Amino acid sequence: HPPPRLGTLAEALSLTAGAKARYTRPDLLARGRRLLEESVRAGVSHVRAFVEVDAQVGTLCLETGIELKIFALERWGLRVQLCAFAQEPLFSPSEGDSDGTVVRGLLEAAAGRAEVDVVGSTPYVEVDGERGRRNVAWVVELSAREGVGVDFHLDYHLDGDKEAMVWAVVEEVKAKDWDRKVRESRPNWPTIMLGHCTALSLFSPDSLRSLCDAIGDLPITFVGLPTSDTYTLGRTLDIPSMGRKYGLHGCVGMNNVGNAFTPQGCCDPMLLAWWGVGGYQVKDVKGVEGLFGCVSVEGRKGMG
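Residues 29 to 332 (this note's numbering) make up the sequence shown, in order.
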């Protein structure tokens with residue numbers, strides 16, 4: 029796609045939608061292999077890879093991702109978790125899909141495939157909060173039925189007047205008895221990961237404590253994505269502080285490399301730890317050790 033000019037989330041979504049129309053399997057394979065190889069060289073041993081399904085790309089990204097998952101394990105011993113992901117809305121109009129029926133069908137079919145470990149979506153792209161909640165409820169139900177993990181890209185804004193969708197996630201997980209259903213057959217897996225969640229940076233200490241109480245023992249991990257978050261919004265979750273002060277489990281990761289969401293991205297998680305020294309204002313050795321944990325073992329725990 030053309031280089032971004034505004035650096036906004038809306039622009040990134042628009043440019044990415046345009047780029048998807050030109051995807052080819054050879055190009056996706058070549059870029060995917062390069063990305064995975066660079067990750068291995070940086071010392072990465074586990075990757076969660078998001079493969080989008082929608083009316084534009086169909087299952088192209090999914091089929092390519094499955095091939096790359098097998099290739100990475102055989103070539104480098106790199107373990108790839110595949111997340112079948114709906115970047116487009118599930119209950120609002122998108123290109124070639126008037127009400128989300130197409131993407132729901134694709135996501136449902138993908139969740140039943142043995143190679144898919146996680147299902148996810150972006151509730152913030154729905155046209156209103158009511159449909160955002162329906163998005164959350166539908167994905168949680170699908171996850172429980174298929175016994176796979178959940179990954180929401182959530183609350184990606186800094187609007188203090190908008191209700192944070194994280195509360196809906198916790199409510200739906202409890203209402204659908206998700207934890208019991210998925211763990212009857214797979215005791216240590218699946219998990220729930222919530223990416224971005226920049227709106228939580230506006231929460232008061234009391235709200236963060238209430239959120240921790242509401243989550244309780246649920247296997248929820250917040251994922252700070254500072255390279256994307258700071259580029260598009262100028263702010264990211266203070267993951268180290270959220271864990272230290274409020275007991276919320278979190279990790280730090282990279283979710284885009286060299287695209288409209290993160291033109292400056294790279295594959296080395298250690299660079300995120302170094303960024304965190306200044307970005308999170310970490311001043312002592314113990315804090316730096318915690319940063320290295322955020323980009324390694326804590327992420328691995330969150331993956332299940």
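Even for Gly, the Cβ is constructed at its ideal location relative to N, Cα and C.
These numbers come from a predicted model, not from an experiment.
By a beta-carbon distance limit of 8 angstroms, G93 contacts V79. Their separation comes to about 4 angstroms. Cβ-Cβ distances below 7 angstroms link E66 to C295 in the same chain, with the five nearest sequence neighbours on each side left out; the list follows chain order.
E154 sits close to N163, with the two beta carbons spaced by under 8 angstroms. Inter-residue distance for E91 and G177 is about 19 angstroms (C-alpha atoms, whole angstroms). Boundaries cannot be given for R263, as no beta strand (DSSP E) includes it and DSSP labels it neither H nor E. The criterion of a C-beta distance shorter than 8 angstroms is not satisfied by G128 and H181.
Relative to the Cα of Q309, the nearest Cα in the group D125, E212, H277, T264 belongs to T264. E326 counts as buried, since no fewer than 16 other beta carbons sit within 10 angstroms of its beta carbon. For V75, the enclosing beta strand (DSSP E) has its first and last residue at 74-80. Counting of Cβ neighbours within 10 angstroms places D156 among the exposed residues, the total staying below 16.
For M221, DSSP records a beta bridge to D179, T249. Counting of Cβ neighbours within 10 angstroms places A38 among the exposed residues, the total staying below 16. Under the criterion of beta carbons closer than 8 angstroms, A288 and P32 qualify as touching, at roughly 5 angstroms.
Under the DSSP assignment, S122 falls outside any beta strand (DSSP E); it carries neither an H nor an E label. Across the set A242, D234, G278, F231, the C-alpha of G278 shows the shortest separation from the C-alpha of G252.
Per DSSP, the continuous alpha helix (DSSP H) segment holding R173 begins and ends at 157-174. Beyond the five residues adjoining it in sequence on each side, L230 comes within less than 8 angstroms, by CB distance, of L186, G188 in the same chain, given in chain order. If you draw a straight line from the Cα of L299 to the Cα of S256, it comes to about 14 angstroms. Straight-line spacing of the CA atoms in K209 and G330 works out to 19 angstroms.
Taking each of R211, V280, T290 in turn and checking the Cα distance to W302, the smallest one comes out for V280.
Bridge partners of S149 according to DSSP: A114, F180. Taken through DSSP and simplified to helix, strand or coil, G60 comes out as helix. The C-alpha of V72 is placed about 31 angstroms away from the C-alpha of S42. Within a 10 Å sphere around the beta-carbon of N216 sit fewer than 16 other beta-carbons, which makes this residue exposed. V108 is bridged by DSSP to V75.
L56 and P30 have their C-alpha atoms spaced approximately 17 angstroms apart. The shortest C-alpha to C-alpha distance from A172 to any of I220, T87, W195, G275 is the one to I220. Beta-bridge pairing by DSSP links G304 to no other residue.
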